[in-house]
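> Below is a structure I'd like to ask you about.
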Amino acid sequence: MGKAVEMVELWRGGLLESTHRGHAVLCDEAGQIVQAWGDPDRIIFPRSSCKMIQALPLVESGAADAFGLSEAHLALACASHQGAALHVNMARDWLKDLGLGEPDLRCGSHEPYDRVERDRLICDHEGPCQLHNNCSGKHSGFLTFVKHQKAGPEYVELDHPLQKAIRAATEDVTGETAAGYGIDGCSAPNFAMSIAGLARGMAKFASSDGTGARGRAMQRLTRAMAAHPELVAGEGRACTELMRAMGGRVSIKTGAEAVFVAIMPEKKLGLALKIEDGNVRASEAALVGILSQLGVLDAAHPMAQKRLPAPQINCRGFTTGELRLSEGFV
0 MGKAVEMVEL WRGGLLESTH RGHAVLCDEA GQIVQAWGDP DRIIFPRSSC
50 KMIQALPLVE SGAADAFGLS EAHLALACAS HQGAALHVNM ARDWLKDLGL
100 GEPDLRCGSH EPYDRVERDR LICDHEGPCQ LHNNCSGKHS GFLTFVKHQK
150 AGPEYVELDH PLQKAIRAAT EDVTGETAAG YGIDGCSAPN FAMSIAGLAR
200 GMAKFASSDG TGARGRAMQR LTRAMAAHPE LVAGEGRACT ELMRAMGGRV
250 SIKTGAEAVF VAIMPEKKLG LALKIEDGNV RASEAALVGI LSQLGVLDAA
300 HPMAQKRLPA PQINCRGFTT GELRLSEGFV
């Protein structure tokens, strides 16, 4: 098994303060590894970076069309959103159109990441509900499949028809048998895979010619993410800001514990990235470094510069340090 490579460094006062190591794989349309850093066979949990794979049964089954889902709905199905009013209201209306409500979700609740919505809840003496969960869009998509298939309500159980369909789709697009599973923060199973497998799956999305139910689903989901970056994450978030910076030419998605993927249709390439210590600042910087090297992201764009060199600003507004790519990485 290969070792993680040094990818991102934090410098302060002219001295190296911290180093982040990781793995990354770039695959082409044939599923072949074009470039790799670290260990391509490293088994990881993709966490939320694989939401477009988890959304495949929603589209392939005909559920999305049966319930008239828009491109925006599909983007929200792939989202790890901020819980802003935009996201909460859309998820609420989606469930209402299904004849369902917030209690039908199985994702649990947490305080919204969006400050405006968080402050509104505090001022109105309200607690957060499941609609504020960053995965409520994904779960709304899950419930759409459930309603269409007339399946049972406990859709996050491993033996539920939905999770069986997701596992089958996951194994098909990654080209490998799931290495196991863990339970994600939203209570849904998350199937383990190699970094190469995740990159291979993203390359299939990137190179889809729209043939067959799966090919059409891949194209629709990729387009939806790129067309609605504000739904995929939210204001201030890397997914939203970097997709905007790339003009919708690339779809990217983060996952917990510093996982990132990128779908590049123009180049028919898929990227998967994992930082070993789970540090998000490092995954964002490494992603910017790779996408810039590939020529799909302008390294001088303000949203790229925000993550690399990502100036470290203290409480008095002084620049105290910066992130840098490790020597030899990209």
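Numbering (numbering that gives the first Met the number 0), first residue to last: 0 to 329. Think of the CB as a built atom: it goes at the ideal place given N, C-alpha and C, for glycine as much as any other residue.
Can you give me the start and stop residues for the beta strand (DSSP E) that alanine 261 sits inside?
Here the beta strand (DSSP E) through alanine 261 covers 258 to 263.
> By alpha-carbon positions, which one of Ala3, Leu286, Met6, Gly30 ends up nearest to alanine 202?
Gly30
> Output needed for alanine 177: all residues of its chain with C-beta closer than 8 Å, excluding positions within five of it in sequence on either side, in chain order.
Arg166, Thr169, Glu170, Phe190, Ala191, Met192
> For glutamine 148 and leucine 9, I'd like the C-alpha separation in whole angstroms.
50 Å
> Can you tell me whether DSSP reads valine 329 as helix, strand or coil?
coil
> Taking 7 Å as the threshold (C-beta atoms), are glutamate 116 and alanine 90 in contact?
No. Outside cutoff.
> Do you know whose CA, among Arg11, Ala3, Cys314, Glu5, lies nearest isoleucine 321's CA?
In the sequence as displayed, the identity of residue 321 is glutamate instead of isoleucine. Nearest C-alpha to glutamate 321: Arg11.
> Between the beta-carbon of glycine 254 and the beta-carbon of arginine 46, is there less than 7 Å?
yes
> How about glycine 136: is its C-beta nearer than 7 Å to some C-beta of chain B?
Annotation note: the requested chain B is absent from the structure, which comprises a single protein chain.
> Going by beta carbon distance, what residues of the same chain come within less than 7 Å of glutamate 59, once the five residues before and after it are set aside?
Same-chain partners within the cutoff: Ala212, Arg213, Ala216.
> From Pro301, Gly269, Gln304, pick the residue whose C-alpha is nearest to that of glutamate 28; which is it?
Gly269
> State the start and end residues of the unbroken beta strand (DSSP E) segment that holds asparagine 189.
188 to 190
> Give a yes or no on contact between the stretch 133 to 149 and the stretch 71 to 82, applying the rule of three or more CB pairs nearer than 8 Å.
yes
> Could you pull out every residue in the same chain whose Cβ sits closer than 6 Å to the Cβ of aspartate 183, ignoring the five residues on either side in sequence?
Around aspartate 183: Asn189.
> Does DSSP classify valine 231 as helix, strand or coil?
helix
> Report yes or no: do three or more beta-carbon pairs, one from the stretch 280 to 297 and one from the stretch 38 to 54, lie closer than 8 Å?
Cβ pair count under 8 Å is below three, so no.
> Within the continuous beta strand (DSSP E) that includes valine 33, where are the two ends?
32 to 36
> In chain order, which alpha helix (DSSP H) runs of at least 4 residues are fully inside the stretch 125 to 150?
Those alpha helix (DSSP H) runs which fall completely within the stretch 125 to 150 and span 4+ residues are 135 to 148.
> Could you tell me how far apart the beta carbons of leucine 324 and glycine 21 are, in whole angstroms, since I believe they sit closer than 8 Å?
Going by Cβ atoms, the distance from leucine 324 to glycine 21 rounds to 12 Å, so no, they are not a contact pair.
> Excluding the 5 residues flanking arginine 199 on each side, which residues of the same chain have their C-beta closer than 7 Å to its C-beta?
Cys26, Gly30, Thr173, Gly174, Gly269
> First and last residue of the beta strand (DSSP E) that includes serine 366?
No answer is possible for residue 366: the residues shown for the chain start at 0 and end at 329.
> Tell me, please, whether the stretch 57 to 74 touches the stretch 101 to 114 by the rule of three or more beta-carbon pairs shorter than 8 Å.
no
> Can you confirm whether the stretch 232 to 244 touches the stretch 293 to 308 when touching is taken to mean that 3 or more C-beta pairs between the two stretches lie within less than 8 Å?
yes
> Indicate the three-state DSSP secondary structure (helix, strand or coil) for lysine 332 in the structure shown.
Outside the displayed range of the chain (0 to 329) lies residue 332, so it cannot be described from this structure.
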